[in-house]
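Notes follow once the structure below has been shown.
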Amino acid sequence: MKTTSVSEDVVALSRKAGSARRLQDKLTIVLFLLPAIVLFSIFLVYPIFQSVYYSLFSWKGFGPAVDFIGLDNFKHILTDRIFLKSVGNGLLIVVLSLTIQLPLSLVLALMVRRNLRGRAFFRMIFFIPYVLSEVITGIIWLILYNPDPAYGFINALLTRIPGFEPQAWLGDTRTVMLALFVVVTWKYFGFHMLLYLAGLQSIPPEIEEAALIDGVNERQMITYITIPLIRSTIRTSVYLSVLGSLQVFALVWIMTKGGPVNASEVMSTYMYRFTFERFEFGYGSAVAIVMLLISLIFSLVYQRLVRQKIT
Amino acid sequence: MSDNYSYRRRTLKKNLPRFFQYLILIFAALFIIVPIVMIIFGALKTRGEFITHPYTIPIPPNWENFAKVLSMPIFWSMLRNSLLVMLAATAGVVIISSMAAFVFSRMKFRGQSIVLNFLTLGLMFPITIAILPVYLVVRQIGLTNNLLGVVLVQMAFQLSICIIILRTSFESVPYELQEAAYIDGCSTFGFFWRILLPLSRPALAAIASLTMVTSWNDLLVPLVLIDKNSLWTLPLGTMQFQGEYGVNLALVAAFVTLSAVPAVIFYLLAERQLVSGLTAGALKG
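Those sequence lines, one after another, are chains A and B. Numbering-wise (the numbering used here), the first sequence opens with residue 1 and increments by one. Numbering-wise (the numbering used here), the second sequence opens with residue 1001 and increments by one.
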């Protein structure tokens, strides 16, 4: 009798404790999620919906938006040569990154990964530019590219070659995008190298050892074993590189402001100019929505493709 | 003889690629270092020296440019603003994202996956793209020309990635530990505060250093939200300084060098945490 009542007490007590805990848990869930949800709704979600609304108006940014023009802003954007140029420039950076920057990062990662003397040193050096702000990076290269060889290191170096005339790398419509791409590579290849290194680290050493025992040479091993094994890392790095290329702002703004004559305009500088310099807030909102859609569609399509490949 | 020959050939075959590897690595390292060294050399020269021989090693070094920058009150106020924003944003992100990640990794409720998807939307809306919509809202709230506005925006756009990183790390803490703690009378909050957080210190350090670097280097948010030069952060102020003193390259070089010092020191101290934060964020996101 006594023992059962004790155990009943225990059950009752634990049930009480359990319901107290459940209440406590509910409270925790609400209180712990609230700050994130509030912050997120105010500064991320609500702004986007509001801009969808403003994108339908011709609005100078002050007072209520009254001049409803429907989809005219979007029509204008998609037929504006300068906007199309800025999309093209973004794509150019994407293509150059995928064909030059990422392979370079991969090759360097494959080298730094081995038992090479000084590999920690190289790894540290390659990653420094990532820590420097885009402002600092932009100013450093602005000085390096200076057309006067008395200031600009690059021209000073190249004018040592007989017959070479100093170039205005950032002032010439033909060279400006390439010059900017060099800076993008300088700043970001270390980051991609780091991703590849993390991917390479996750390969079990036994696999490569077994391959070596089976008489596979090094080049075969890298093409047929190592690279296929880090395919998912490569996909991630491609994804981040494309999204990053669509978002460059500070580097371009510091070095060229999109010039000369819009030759280095990218979507973000285009939007910045229209809104914060010309105060076309309705139009700028529409540009922001177009940019959002481009990156959203890319994300969804890419993730769909990646997921399909995995399964 | 022939043995020796084939041995030599083998070592050559082994060492030749290694030689080329070093060549490529050294070339890449020079590509990274030379621009940085050049800007430091430039800063250590007077204006005249910079014009006559810009690339030689500055002997004797001329510290005047550094002294000039360090004696500018605006440099110190920029440094203070940047520090303030960075610390506040980082503290906020660490607290709020660890609370949210705790719920997602340790509790069950209806609609959980919807809320999680909602909170990871940030991965698809980077700040560069959303800056105008955000500016309009911050203006409505009246937080322009206020460092708090910068902090809140930076926090909002950093939350998604940090919640994802932390959730994965929290999930790796064994459930038995949670049950044992509850049996011993530990409250839900007590488990979170006294057991889960201390065990997740590496992940917390990773998201903290990730947020610190992002906030410290951010140009766009302060550029759009701040007009008053007493509230400029380092990237914004450095950009304005370059615009104003652009002709005096040696002074600009000194300014840029000094404004890079905190980031480089931070990198040397927290390389491991930063790297793990970056790779975790990229590979999980």
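Yeah, the Cβ is synthetic: ideal placement off N, Cα and C, and Gly gets one too. Note that the coordinates shown come from a computational prediction; the quantities given were computed from them, not determined experimentally.
- Within the same chain, Cβ atoms closer than 8 Å to the Cβ of Trp1063/B are found at Leu1044, the five residues on either side in sequence being excluded.
- Closest in alpha carbon position to Ala150/A, among Leu1268/B, Tyr1055/B, Asn1081/B and Asn1248/B, is Tyr1055/B.
- Taking a Cβ-Cβ threshold of 8 Å, none of the residues of chain A is close to Pro1202/B; the smallest such distance is about 15 Å.
- Residues of chain A whose Cβ lies closer than 9 Å to the Cβ of Asn1217/B are, in chain order, Val131, Leu132, Ser133, Glu134, Val135, Ile136 and Ala250.
- Per DSSP, Met1124/B lies in no alpha helix (DSSP H) segment and is marked neither H nor E.
- Under a 10 Å Cβ-count criterion, Ser51/A is classified as buried, with 16 or more other Cβ atoms of the shown protein chains found around its own Cβ.
- Contact of Thr1214/B with chain A by beta-carbon distance below 7 Å is absent, the smallest such distance being about 10 Å.
- In the DSSP secondary-structure assignment, Phe57/A is bridged to Phe68/A.
- The continuous alpha helix (DSSP H) containing Arg1167/B extends over residues Leu1147 to Glu1171.
- For Phe1066/B, no CB of chain A lies under 7 Å from its own CB, so it is not counted at the interface with that chain.
- Neighbourhood of Ile29/A in chain B, by CB distance below 7 Å: Val1103, Met1107 and Phe1109, in chain order.
- Between the stretch 254 to 264 of chain A and the stretch 168 to 176 of chain A, the count of C-beta pairs closer than 8 Å reaches three or more; the two stretches touch.
- For secondary structure counted as the alpha helix (DSSP H) over 4 or more consecutive residues, the stretch 1213 to 1260 of chain B holds these complete runs in sequence order: 1220 to 1225 and 1234 to 1245.
- In the same chain as Met291/A, and ignoring 5 residues on each side of it, the C-beta atoms closer than 8 Å to its own belong to Leu246, Met267, Ser268 and Met271, in chain order.
- A check of alpha carbon separations from Ala1280/B across Ala1203/B, Asn1081/B and Ile1183/B identifies Ala1203/B as the nearest.
- The Cβ atoms of Ser1209/B and Gly1277/B lie closer than 7 Å to each other.
- Within the stretch 1021 to 1049 of chain B, those residues whose Cβ lies closer than 9 Å to any Cβ of chain A are, in chain order, Gln1021, Tyr1022, Ile1024, Leu1025, Ile1026, Ala1028, Ala1029, Phe1031, Ile1032, Ile1033, Val1034, Pro1035, Ile1036, Met1038, Ile1039 and Gly1042.
- Taking 7 Å as the cut-off, the beta carbon of Ile139/A is found no closer than this to the beta carbon of Tyr145/A.
- For Ile254/A, the enclosing alpha helix (DSSP H) begins and ends at Ala250 to Met255.
- The Cβ of Ile139/A sits closer than 7 Å to at least one Cβ of chain B.
- Sorting Gly1042/B, Phe1041/B, Ile1040/B and Met1072/B by C-alpha distance to the C-alpha of Ser1230/B places Met1072/B at the top.
- Flagged as an interface residue toward chain A: Tyr1267/B, by a C-beta distance shorter than 7 Å.
- Non-local C-beta neighbours of Leu1220/B in its own chain, meaning closer than 8 Å and more than five positions away in sequence, comprise Ile1127, Thr1128 and Ile1131, ordered along the chain.
- Val1151/B is not a Cβ neighbour of Ala1091/B, given a cutoff of 7 Å.
- Between the alpha carbons of Gly190/A and Met1078/B lies a distance of about 28 Å.
- The C-beta separation of Glu134/A from Leu251/A comes to about 5 Å, placing the pair in contact by the 8 Å criterion.
- The C-beta distance from Val1138/B to Gly1122/B rounds to 17 Å, too long to fall under 8 Å, and the pair is not in contact.
- When the beta-carbon positions are compared, Cys1162/B and Val1103/B stay at least 7 Å from each other.
- Among the residues facing chain B, Ser268/A is included, as its CB has a counterpart in that chain under 7 Å away.
- Taking a C-beta distance under 7 Å as the contact criterion, Ala1205/B and Ile1195/B do not qualify as a contact pair.
- The DSSP-derived three-state label of His192/A is helix.
- For the pair Gln1242/B and Leu1251/B, the Cα-to-Cα distance works out to about 9 Å.
- Here His76/A carries a helix assignment [DSSP, helix/strand/coil].
- The alpha-carbon of Leu31/A is positioned some 52 Å away from that of Leu1030/B.
- Chain A has no Cβ within less than 7 Å of the Cβ of Gln1273/B.
- For the stretch 1116 to 1128 of chain B, the set of positions with a beta-carbon nearer than 9 Å to some beta-carbon of chain A reads Phe1118, Leu1119, Leu1121, Gly1122, Leu1123, Met1124, Phe1125, Pro1126, Ile1127 and Thr1128 in chain order.
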